[in-house]
Amino acid sequence: EKEKEKEKEEEEEKQKVGEVLPRGRERGGAISPRNYLPRKVGARETPPLLRKQTGEEIVYMPTPDEETTLLKIVASDPFYTLTPEEKLLTWTARTYLLKYHPQSLPKILMSANWTLPSHSTEVYRLLEKWPPIGPLVALQLLDARFSDPYVRQYGVGCLEQMTDLELEYYMLQLVQTLKHEAYDASPLCFFLFLRSVLNPRLLGHTLFWFLESEKDDEKLSTRFRLFKKELLLLFDEKFRNELLKQSAVVRQFVAIAKQIKEIKEREKRDESLRSSLQSISLEDFGLPMDPRIRTKGVIISQCKTMQSATVPLFLTFKNADDLGDKIRIIFKVGDDLRQDILTLQTIQVIDQIWKEANLSLFVTPYRVVATGTNTGMIEVVPDSKTTADIHKECGGGALGALKEDVLWSYLKNLPTTKDNENLIRERFALSCAAYCVITFTMGIGDRHNDNIMLTSSGDLFHIDFGFIFGNYLKFIGMERETTPFVLTREMVYVIGGTNSPMWQKFVTTCCKAYVEIRKNSHLFMALFSLMLATGIPNLQKVEDLNNFKDAMRLGITDQEAEKEFEELIKKSLKNTRVYLNNVAHILANG
1 EKEKEKEKEE EEEKQKVGEV LPRGRERGGA ISPRNYLPRK VGARETPPLL
51 RKQTGEEIVY MPTPDEETTL LKIVASDPFY TLTPEEKLLT WTARTYLLKY
101 HPQSLPKILM SANWTLPSHS TEVYRLLEKW PPIGPLVALQ LLDARFSDPY
151 VRQYGVGCLE QMTDLELEYY MLQLVQTLKH EAYDASPLCF FLFLRSVLNP
201 RLLGHTLFWF LESEKDDEKL STRFRLFKKE LLLLFDEKFR NELLKQSAVV
251 RQFVAIAKQI KEIKEREKRD ESLRSSLQSI SLEDFGLPMD PRIRTKGVII
301 SQCKTMQSAT VPLFLTFKNA DDLGDKIRII FKVGDDLRQD ILTLQTIQVI
351 DQIWKEANLS LFVTPYRVVA TGTNTGMIEV VPDSKTTADI HKECGGGALG
401 ALKEDVLWSY LKNLPTTKDN ENLIRERFAL SCAAYCVITF TMGIGDRHND
451 NIMLTSSGDL FHIDFGFIFG NYLKFIGMER ETTPFVLTRE MVYVIGGTNS
501 PMWQKFVTTC CKAYVEIRKN SHLFMALFSL MLATGIPNLQ KVEDLNNFKD
551 AMRLGITDQE AEKEFEELIK KSLKNTRVYL NNVAHILANG
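Last residue of the sequence shown: 590 (UniProt numbering), numbering continuous.
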């Protein structure tokens, strides 16, 4: 009888600790750990969760005070550092969080003591029960903080919910997270390859060029070159040859750009460019920038070099679609375009969030693709001009930047404006509101009339994102950026003045758009966290995101945030240095 009683106690003890399987045996559920883990729990270790004899799990129920603390932890941003007390509470309440707050999984993993075998065993057991979390939360499980292969495997499994378009959105981050994998052959690598083969024109094309841009990474060039080679072998011969042709043409563009950069006179640069382009075959050429666009030759007479330290190439192509517009791109050598890609990706995500909130703000997220280390292509938005060019053409030169009616003078004389003045004003007001909010929240600097543009339909948009997250330019030790965002008298004039109904719509739209970004601040923090330590100039460490966190003002209510943004609008309107900056920029660049 005593022996039977002892065996029964041992069996109950096994149930309490959780079943531990020998190496190699498969387990059901989301993951299948294969390592052998010890059964016993040390005296000083946090005991694992007890189970009822029926196998039904006991859910820890926190006290009201504990629940308040847990809700605060769940709502905290991805970079919030848990205190020892908060870690203990989070770990103790893990079954409560499993049942009521499954999106809190990253917090539970951060609260586990991974040096204790009992904790890692319990994490694996929980992962088998854990319901699929949203793919954007799952992305957090793939950053450098989580090295455990089973945690990462669970995160990859949650990405399967993503549509192809969503996967294309976040391909930048996913390729960066490949750097954190312990081995080349990882679940994330296989997942990206599989989805790319299933949709080569969209995902395969996108993945190929991201791998191409990382193939010269100082630490992981071997890995990315291997991935690129294996990916090409998975595609059919026709698509593989198409990508190889694109890659060959890009190498020729790079050689031309480097050669031209050595020439000092601009006229000779243009002559050299046109002469070099004649030797390149660009018939039936697909652009790396967009797999849907095909060209059938370059229009050499409309190609030129641009005035900049890196001497970009302005290239014009014939569209393979006879009814399509000409295709214009800027090809750059010498700039890391990943920062621009990250900013434009963020703008795309913001625009999608706004649309889901019934805010259509005429955002212009043009395309940029990195084709190698410090090389890439930038889409030229059709029918658009820099406000600097408008100041010169419609304002009589540099002093045109001081005229409040200069932008409207340009717009009202366009053929597209006739009989559409109210629509043009509305599109301008809404797009201006969008970029006021975007440039403020992302801390985008170096804002002047050469990187603020205007389309013929009245859409205002910004370009050139070399300074983000509050990394502003300085002149003789002084900050050049003295305003929360650029909002000038000429912009207000197009909207209709500060007493017009359109102005009230502009202010209201700014506030609503700002609040929607605040609601999704953790999403952006997660996306930015995956880009840390990848070499992007303005995003090297967690502290670089303090400007974004400060802009979110997460400690106040939405109503208070709206009032604060209204004050930012008033502050921006009072700033006069921006006008002098615009005049000086025209004088300096001609």
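All C-beta atoms, glycine included, are put in the ideal place defined by N, C-alpha and C.
Since the structure is predicted, the reported quantities are computational estimates derived from the model, not experimental observations.
Assigned exposure category for residue i - 16 Cβ within 10 Å defines buried
{"i": "MET552", "result": "buried"}
{"i": "GLY497", "result": "exposed"}
{"i": "ILE293", "result": "buried"}
{"i": "LYS229", "result": "exposed"}
{"i": "GLY204", "result": "buried"}
{"i": "ILE327", "result": "buried"}
{"i": "LEU89", "result": "buried"}
{"i": "ILE536", "result": "buried"}
{"i": "ALA588", "result": "exposed"}
{"i": "GLN559", "result": "exposed"}
{"i": "SER237", "result": "Before going further, note that residue 237 is Glu rather than Ser in the sequence given. Exposed: under 16 other Cβ atoms inside 10 Å."}
{"i": "TYR183", "result": "exposed"}
{"i": "ILE260", "result": "buried"}
{"i": "GLY324", "result": "exposed"}
{"i": "ILE556", "result": "exposed"}
{"i": "SER147", "result": "exposed"}
{"i": "ASN358", "result": "exposed"}
{"i": "ASN581", "result": "buried"}
{"i": "PHE548", "result": "buried"}
{"i": "LYS332", "result": "buried"}
{"i": "GLU160", "result": "exposed"}
{"i": "GLU283", "result": "exposed"}
Per DSSP, cross-strand counterpart(s) of residue i
{"i": "SER213", "result": "In the DSSP output, where bridge partners are listed per residue, SER213 has none listed."}
{"i": "THR305", "result": "LEU313"}
{"i": "PHE331", "result": "LEU313, MET377"}
{"i": "VAL369", "result": "MET377"}
{"i": "ASN538", "result": "None; ASN538 has no bridge partner."}
{"i": "VAL298", "result": "PHE317"}
Cut-off 6 Å between Cβ atoms - residues of its own chain near residue i, not counting five sequence neighbours on either side
{"i": "ARG447", "result": "VAL486"}
{"i": "ASN113", "result": "HIS119"}
{"i": "ARG201", "result": "PRO291"}
{"i": "LYS519", "result": "none"}
{"i": "PRO187", "result": "GLN153, VAL156"}
{"i": "TYR514", "result": "VAL437, PHE565"}
Cutoff 8 Å; reference residue i; Cβ partners in own chain excluding five residues on either side
{"i": "LYS392", "result": "ALA398, GLY400, ILE586"}
{"i": "ILE263", "result": "ARG269, SER272"}
{"i": "THR483", "result": "LYS571, SER572, ASN575, ARG577, VAL578"}
{"i": "ASN451", "result": "THR386, HIS462, ILE463, ASP464"}
{"i": "GLY372", "result": "GLU212, SER213, LYS215, ASP216, VAL250, VAL254"}
{"i": "GLU242", "result": "GLY286"}
{"i": "PHE414", "result": "This sequence places Leu at residue 414; Phe is not what is there. Closer than 8 Å at the Cβ level, and outside the excluded window around LEU414, lie SER456."}
{"i": "VAL583", "result": "ALA398, LEU399, ALA401, LEU402"}
{"i": "TRP130", "result": "ALA30, LEU98, PRO102, LEU105, TYR154"}
{"i": "PRO78", "result": "PRO106, GLN140, HIS522, MET525, ALA526, SER529"}
{"i": "GLU421", "result": "LYS412"}
{"i": "MET502", "result": "ARG425, GLU426, ALA429, ILE495, GLY496"}
Spatial neighbours of residue i in its chain, beta-carbon cut-off 7 Å, leaving aside the 5 residues before and after
{"i": "MET531", "result": "GLN173, GLN176, LEU342, LEU539"}
{"i": "MET171", "result": "THR206, LEU207, PHE210"}
{"i": "MET289", "result": "ILE329, ARG367, VAL369, MET377, GLU379"}
{"i": "TYR435", "result": "LEU460, PHE461, HIS462"}
{"i": "ASP340", "result": "VAL368, PHE465"}
Distance cut-off 7 Å: residue i Cβ against heavy atoms of the ligand HEM
{"i": "PRO200", "result": "The ligand HEM is absent from the structure shown, which contains no ligands of any kind."}
What are the complete alpha helix (DSSP H) segments, minimum 4 residues, inside the region 419 to 480? Counting only runs of 4 or more, we get 421 to 441.
Alpha helix (DSSP H) runs wholly inside the region 254 to 292, at least 4 long, in chain order: With a minimum length of 4 residues, the continuous alpha helix (DSSP H) runs that stay inside the region 254 to 292 are 266 to 277.
Decide yes or no for the touch test of the region 334 to 347 against the region 384 to 398: beta carbon pairs closer than 8 Å, at least 3 of them. These segments do not touch.
Extract the residue ranges of the beta strand (DSSP E) inside the region 371 to 422, only unbroken runs of 3 or more that lie entirely within it. Entirely contained in the region 371 to 422, the beta strand (DSSP E) runs reaching 3 residues are, in chain order, 375 to 379, 384 to 386.
When you compare the region 514 to 525 with the region 432 to 442, are there three or more beta-carbon pairs, one atom per stretch, that lie closer than 8 Å? As far as the Cβ criterion goes, the region 514 to 525 touches the region 432 to 442, which means the pair count is three or higher.
Any contact between the region 357 to 374 and the region 559 to 573? By contact I mean 3 or more CB pairs, one from each, below 8 Å. Short answer: they don't touch.
The region 425 to 434 touching the region 298 to 314, judged by at least three CB pairs closer than 8 Å: With the rule of 3 Cβ pairs closer than 8 Å, the region 425 to 434 does not count as touching the region 298 to 314.
At a cut of 8 Å, does the region 55 to 74 reach the region 83 to 101 through at least three beta carbon pairs? A contact exists between the region 55 to 74 and the region 83 to 101.
Any chance the region 404 to 417 sits against the region 497 to 507, with 3 or more Cβ pairs inside 8 Å? Verdict: no, contact absent.
Quick check: the region 374 to 390 against the region 447 to 464, are at least 3 beta-carbon pairs closer than 8 Å? Yes: at least three Cβ pairs fall under 8 Å.
Are the region 272 to 283 and the region 212 to 230 touching by the rule of at least three beta carbon pairs closer than 8 Å? With the cut-off at 8 Å, the region 272 to 283 and the region 212 to 230 do not touch.
For the region 144 to 163 against the region 540 to 549, do three or more pairs of beta-carbon atoms, one drawn from each stretch, fall closer than 8 Å, so that the two count as touching? Three or more Cβ pairs closer than 8 Å define a contact, and the region 144 to 163 falls short of that threshold against the region 540 to 549.
Can you list the alpha helix (DSSP H) stretches of 4 or more residues lying completely in the region 504 to 558, in chain order? Scanning the region 504 to 558 for uninterrupted alpha helix (DSSP H) segments of 4 residues or longer gives 521 to 529, 546 to 552, listed from N- to C-terminal end.
Three or more C-beta pairs under 8 Å: does that hold for the region 120 to 130 against the region 68 to 88? Segments in contact, no.
Minimum length 4: unbroken alpha helix (DSSP H) runs contained in the region 188 to 235: Every unbroken stretch of the alpha helix (DSSP H) spanning 4 or more residues and falling wholly within the region 188 to 235 is given here in chain order: 205 to 214, 221 to 234.
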